[in-house]
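Chains as they are written, first to last, in the numbering used here: chain C, 49 to 424; chain B, 49 to 424; chain L, 49 to 424; chain X, 49 to 424.
So, in structure tokens, the structure goes:
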């Protein structure tokens, strides 16, 4: 091996730079291998935009959020959006990517990304590109690994926000609703809700019953606690209802639905309890900032191990944490799947033991609540 | 003097507890005077809800956000909202407040609050209540004092958010819009915009020209900077347009206008530049959290001085900072006024020297831009 | 079960209050059991100082460092230090502890603490006290569990300090030495050293070779990096040398040895490289502050599970994390042992791949270096 | 004007990069003037080490601590230390500096630094170099300006440390001693002591009476507060005693006196009160990290104004804050002087009103205590 490529794809998250630093340092230090970084994920591979990454380039980036390579949502070489006139058409640019890869004389590619990047990479593997994956998502909903870097940082940012909201909630005797990311999985809402001492936690996996939510608020009031904190994952939705989330700002103002669910919940609580509600939507804050120590270490381990895997020829695999050991999972097994919160997960059980309302009637087992809803 | 009362009114802000601690400690330490704290601002005085505050009660609260006394938006004893059936009627409860004050045998009242609390206190003074005011607002828009506690904390929270947003903006080559509080005054947007290195700062005082905003974005792009940070005060509005802000969540979903201006700006930028925008609305985050060292010291000085003023009999006055000296201003001069950002303010000039766009055409003096708009 | 006791022993660490909150809330919510909290660890049980802990008592403590119960280094009822005249004598007060426990009609005790508390609790079990343990240490050196709460918080504080030190090191072209806790185990130095991008990491497990350390500094200088960051665990010591750590301030000034190792290392580097060194000793900072989100969640899970274990009658066990699952380990197996860093630990390997110096000659396998020293 | 130089001298502090950014952006944006940055303060001017600073070079540095130009304690061109054999000799290199300045065709120099840099710059002015000064020091002890950037950041770091120490002090019932920088002036100890709720604050200006200190500790204990926080400026010393501070690590271990005063105080308190003490020395932590919002804004204003002053030809002046206005002071008036804490300063008075012990007998006016000592 002489030269390997690296790219960062999908939504950015804290720790990407730490992976890049570890990849470059390990390649240089252990194997004397050069590293080429592609700009903006697969976009850079397709459009042949890249630069060499030396030790100097990655010096000082460990602590910085984001990615020095840039990233892009145009993550799929097989369905690459290209503007034609006023509209996007989707073209297969995978052969172009392979061609550029070969022209650069690369021996392997380290692809850092989430679900979409792993899917694209599994596809590129079939075209002959030797790829090792590194999992990343602030949502922590990737299968095949116990934990992804970026998640701890996002939980910390969300928890810090909930801490701040707490003092104003108490002073004003209000119901404060904090919306965090998590369209399909509630890990972020559940973890930050537990860490921030949220009273009610609503996640996509458990369609909520607004009356159960309001009862929880009222019970707190009856017990002399004149405020409540509701932590909502953006994909949460009422039993029988639809998800209202959409972070994309459309050009038509009517289409703007930022903070859809949390404002719906707020309006309903105000209507049913006569208490004042306020909404805070953390949105892209959760992607930003310096990675936590935990994420820096995890990202560093991933980056180091990815290079070792490349050198051992373990192509098609994604680095993964399993318990406290580092291992790997085939990228093809990761693509298109989602790790979601189950009713019997320890964090859910802990929440229930503390008396936290997860949006379902208290006392009834969650599985039963969910089953009942499903039949309705 | 034997006993003095204290209350915290209006929107909460970091540092209220630091004032309470300083009031209680100074009263005890320097004068051996007892302190009675009313719950929820003037509401507590009207409804006779209070408790004695000892040294022990204020131990450990210096670092905590919010107010241990609680606060309320029902700040005006002369126009006190009372629910009758389904509707609020506004009653004059000022005599009840005076009666309770006298029944408790209090010698003076320290009223901590913003514009509304100062106005109410000036009114209560006329009914014979001996009051000293302590200014508070995260917006820093109170006249009669150079600075209010809570503002530095809010600027820090906003700046920290902008720092976080920066990394994700850069990685994704997006225009990120961060909305901060400030309905009538742009101090918070201007200060955090400068501290966070915002590229465009929109404040209520300078109605913005969306084309000037888009030009600034495009110029950055042309110079190879593929992202921009726009910091928006919630009361910002287009030249000739109206303010769209309303934090209150109405029970009808149509009425929800949270983040009105920032989403409008986002939609317009997307339309005019074809760049992706994302919106983050900090809202009540800015009221929360532990006060900064600056605010703790300022609040402590205010609390200490307020007691000295009470003991010197300087009733009707509000504690104030003038330069680096502590002084005072009659509460009656504060009520109903607003300190806003002027075109020739040093912070505005500094922003312009850095090349920051404040929403007006570059090159044209701000006064001229504003005059032109006024005539249109 | 009707009433259970709880105590916090040994050095304090972030997350103790989160455990207490979870214990009280779970006992109340799931089992309607009352909780009695003893003051200052086993001291309170021996001296019969306690109070009932209600839901209200634990409200708002999740985010606070330290322990509302207080703690004490007088952790061992079998060897309890009592002042007689000018000197301490060590008495067996275990029977008194049992007597008090029985007089209070308690059904079980939850003992939160480290190595010492687990050892004492294992002893008290033999006297018939039904005890469940909860592991705690910022050093993370307890056997029987993968991770203890408090550790992540300490790593974050240390990493934040190293980040701060970085900027001043760079500006002044200095060698900065940061000393963290860790008398017998290097987990904290190793983790914060990795997270903070330390160039040299010295831990108690690998007696350091000062020439190897200086060579690493010189090599960086030769490569144009005119500063180095050295992270030192307080128990680190030169090959063949002794530990010089002692945090206790003795009344004789000569006996003060605070920051012993780091100042020794600094003096040696200055002597051998002619570069300016500066020392920062984090000491008790690492025990303080609000627990991180990670520690709050871990502590909450531990507290919740401890109550479940009590109710299931699993006495003599300590709650433990094993991978991402919660389990348990007999307290007797934990006492008197230490989990230390091994040469083949993944974190050590990652550090080496990045080119970090761990105080041993580069190129030579660590096991070999250590073996060589042992024979010298 | 076509080209101006800039340098950063003396101990680094948060905000230096913010000044550099403002200087470069303002020079470019308002005047189309080029900026040359010298490396390592006057060292770079003397040794002709420099680089051009473009807008791109200062992009992203606003938030970073330290200085991208580097700094040096070799700040005085008139007494420039040069290694000859084993020893340093001091040479006058001022003519070399002037020669390099002229060879580069510079029209003016912006010198950012503290007392030493202002003194050197005043001297260089006399040799004909046109210089504008920008004040900087984390100690805030410069005359001629109300406030220097870096100070607020240092106060925040110290306050955060005291907050952390608080929780462990309370849990362990200990006396915790926190030492901050400040060899000749107590601003940092006084401000962070007030902001952190310190019980005892010792500063260089008020030589302390150890019995008064111990009495304060004992009184707290008697009142049931079983812990105390002592904040010590490094230059504090007992009445009649000498300063023991020396941050420099000498090559002889005996010479190491890091944390001299705080360890002396600790030993004395342990001896006189029989309470456990612990020492934390913040040292260089206080120079590090991202500047606070306050310091970023102040540094930005200074940088912007320095360029305006250069263009207006106001050479020999130092930018200064006076109240909330920006102004200037002749550099020659700043050199060799020190702004120290006076007994009647508002912060001292506020501390006394709260019952804080400043190391002198309570009840006796400070001026009297000091006078008495002086005569002893």
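We put the beta carbon where it would ideally sit given N, CA and C, even for glycine.
Proximal chain X residues relative to residue i, where beta-carbon distance stays under 7 Å
i, result
"residue 219(L)", "60, 114, 115, 118 and 119"
"residue 349(B)", "394 and 398"
Contact set for residue i: own chain, Cβ-Cβ below 7 Å, skip 5 residues either direction
i, result
"residue 190(B)", "162, 163, 183, 196, 382 and 387"
"residue 176(L)", "146"
"residue 345(C)", "none"
"residue 325(L)", "222, 223, 225, 314, 317 and 318"
Partners in chain B for residue i, counting only beta-carbon separations shorter than 7 Å
i, result
"residue 209(C)", "333"
Residue i at chain B interface by Cβ criterion, 8 Å
i, result
"residue 336(C)", "yes"
"residue 297(X)", "Low per-residue confidence applies at residue 297(X): pLDDT is 40, beneath 50, and the placement is therefore not dependable, though the value from the model is reported in the following sentence. Taking Cβ atoms only, chain B never reaches closer than 8 Å to residue 297(X), which makes this a no."
"residue 371(X)", "yes"
Cut-off 6 Å between Cβ atoms - residues of its own chain near residue i, not counting five sequence neighbours on either side
i, result
"residue 124(X)", "168"
"residue 70(B)", "348, 351 and 352"
"residue 416(C)", "none"
Where residue i falls: helix, strand or coil (DSSP)
i, result
"residue 303(B)", "The predicted position of residue 303(B) is uncertain, since its pLDDT is 32 and thus under 50; a value taken from the coordinates is nonetheless stated next. In this structure, residue 303(B) counts as helix in the three-state DSSP scheme."
"residue 100(X)", "strand"
"residue 69(X)", "helix"
"residue 243(L)", "helix"
"residue 135(C)", "strand"
Proximal residues of chain C, C-beta to C-beta of residue i below 9 Å
i, result
"residue 344(L)", "207, 242, 243, 244 and 245"
Alpha carbon of residue i to alpha carbon of residue j, nearest angstrom
i, j, result
"residue 114(X)", "residue 227(L)", "21 Å"
"residue 425(B)", "residue 394(X)", "Coverage of chain B is limited to positions 49 through 424, which leaves residue 425(B) absent and any answer about it impossible."
"residue 205(X)", "residue 286(B)", "40 Å"
"residue 373(B)", "residue 242(X)", "17 Å"
"residue 251(L)", "residue 106(L)", "38 Å"
"residue 240(B)", "residue 178(B)", "38 Å"
Chain X contact for residue i (CB, 8 Å cutoff)
i, result
"residue 212(L)", "yes"
"residue 340(L)", "no"
"residue 78(B)", "yes"
"residue 352(B)", "yes"
Chain L residues whose Cβ lies nearer than 8 Å to that of residue i
i, result
"residue 224(X)", "332"
"residue 194(C)", "371 and 372"
Sequence-distant residues of its chain with Cβ nearer than 8 Å to residue i (five each side left out)
i, result
"residue 365(L)", "180, 181, 357, 376, 377, 378 and 379"
"residue 143(L)", "175"
Any chain C beta carbon closer than 8 Å to residue i
i, result
"residue 122(B)", "no"
"residue 386(L)", "no"
"residue 52(L)", "no"
Contact set between residue i and chain L, taken where Cβ atoms lie within less than 7 Å
i, result
"residue 215(X)", "112, 113, 114, 336 and 337"
8 Å Cβ cut-off: residues of chain C touching residue i
i, result
"residue 239(L)", "341 and 345"
"residue 70(L)", "398, 401 and 402"
Within-8 Å CB hit, residue i to chain L
i, result
"residue 304(X)", "Note that residue 304(X) scores 35 on pLDDT, short of 50, meaning its location in the model is unreliable and no value can be drawn from it."
"residue 204(C)", "yes"
Chain-ordered chain C contacts of residue i [CB-CB under 7 Å]
i, result
"residue 403(L)", "73 and 77"
Cross-chain neighbours of residue i in chain L, by beta carbon under 9 Å
i, result
"residue 412(C)", "Going along chain L, no residue has its Cβ under 9 Å from residue 412(C), so there is no contact; the nearest lies around 15 Å."
Within chain X, the residues that residue i reaches when beta carbons sit closer than 8 Å
i, result
"residue 200(B)", "341 and 342"
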